[in-house]
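In our numbering, the protein residues as written are 17 to 259.
Have a look at the structure below, then the notes.
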Ligand SMILES: Nc1ncnc2c1ncn2[C@@H]1O[C@H](COP(=O)(O)OP(=O)(O)O)[C@@H](O)[C@H]1O
Ligand SMILES: [Mg+2]
């Protein structure tokens with residue numbers, strides 16, 4: 017599974033890492049950012065500096081709280097907009113919470129593929145609904161359908177993680193966003209963690225399983241295609257790692 021995730025990062029897909037508080041979103045973002053090739057220019061945008069990237073070309077931007085007179089605040093949205101002028105190959109945003117979601121989508125849709133971010137949500141579906149809400153916070157009066165369309169074309173996949181009852185953190189689903197059907201964004205799981213039982217020590221037993229669905233269109237997975245091909249042909253055996 018990690019192999020699949022690494023290919024998705026190297027293949028410049030726009031990924032949304034979704035999970036609850038303490039599910040390990042920031043930790044996973046850190047791990048996945050590590051797969052970004054060293055030659056790419058990366059801009060990171062965060063509320064608090066949590067990311068530890070080791071690549072050579074990194075610009076780190078951090079938001080700033082307003083001073084005592086309520087001035088001088090630097091908001092995430094401003095940073096996202098400004099980051100585009102820095103000619104980044106990738107934008108890594110610590111966590112999207114509000115209006116900056118709109119600019120993030122714009123960036124993802126305009127040639128900054130391979131952008132990564134996290135979001136607080138309990139399922140892939142939920143994550144998309146939250147992005148939609150956040151875009152409306154930017155107060156732009158864009159019709160709902162147009163917003164969904166933007167989301168569907170900007171985000172390639174959602175990686176859902178969770179903290180399970182035994183305290184372990186796991187990737188529980190990797191879902192690809194396939195497009196729109198009427199008013200709805202369509203998505204399909206290409207990888208899931210199936211919980212089977214809880215053993216006597218309280219540990220959750222289960223299996224990581226490829227659902228067998230191939231990522232739908234080569235367009236949605238563009239530069240990754242050559243690297244992915246050998247993986248997908250026998251993906252089922254490859255990723256059925258017993259816990
Ligand atoms: N896979 C993991 N296994 C064990 N501990 C983890 C794992 N992922 C994250 N943690 C720990 O969980 C805590 C919360 O992780 P963090 O990434 O900050 O969560 P989030 O950003 O989702 O709130 C941290 O103390 C981190 O070290
Ligand atoms: Mg976090």
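By construction, the Cβ of each residue, glycine as well, lies at the ideal position given by its N, Cα and C atoms.
Note that the structure is predicted; figures quoted are calculated from it, not measured.
Measuring from the CB of residue i, is there a heavy atom of ligand 2 at a distance below 7 Å?
i, result
"residue 111", "yes"
"residue 79", "no"
Look at the Cβ atom of residue i, then the Cβ atom of residue j, and state whether they are nearer than 8 Å.
i, j, result
"residue 131", "residue 30", "yes"
"residue 177", "residue 39", "yes"
"residue 33", "residue 184", "no"
"residue 203", "residue 140", "yes"
"residue 56", "residue 73", "yes"
"residue 150", "residue 114", "yes"
Can you find the residues in the same chain that come closer than 8 Å, C-beta to C-beta, to residue i, ignoring five residues on each side of it along the sequence?
i, result
"residue 257", "Here the model assigns residue 257 a pLDDT of 45, short of 50, so the residue's position is not dependable and the matter cannot be decided."
"residue 253", "Interpretation of residue 253 is limited by its pLDDT of 42, a score under 50 that renders its predicted location unreliable; the figure taken from the coordinates is listed afterwards. Excluding positions up to five away in sequence, the list is empty."
"residue 260", "No answer is possible for residue 260: the residues shown for the chain start at 17 and end at 259."
"residue 199", "160, 161, 164"
Should residue i be listed as close to ligand 4, given that the test is whether its C-beta is under 7 Å from any heavy atom?
i, result
"residue 127", "The model depicted lacks ligand 4 and carries ligand 1 and ligand 2 instead."
By Cβ distance below 6 Å, which residues in the same chain neighbour residue i in space, the five residues on each side in sequence not counted?
i, result
"residue 124", "30, 131, 170"
"residue 210", "222, 223, 225"
Given the structure, does residue i come close to ligand 1, in the sense that its CB is under 7 Å from one of the ligand's heavy atoms?
i, result
"residue 133", "no"
"residue 161", "no"
"residue 41", "yes"
Could you work out which residue in the options is closest to residue i when comparing CA atoms only?
i, options, result
"residue 109", "75, 141, 201, 148", "75"
"residue 189", "174, 195, 182, 199", "174"
"residue 129", "67, 104, 145, 51", "104"
"residue 213", "148, 44, 180", "180"
"residue 23", "37, 193, 50", "50"
Any beta strand (DSSP E) of 3 or more consecutive residues that is wholly inside the stretch 129 to 192: 132 to 136, 173 to 179
Ranges of the beta strand (DSSP E) found wholly within the stretch 38 to 99, counting only runs of at least 3: 58 to 62, 74 to 78
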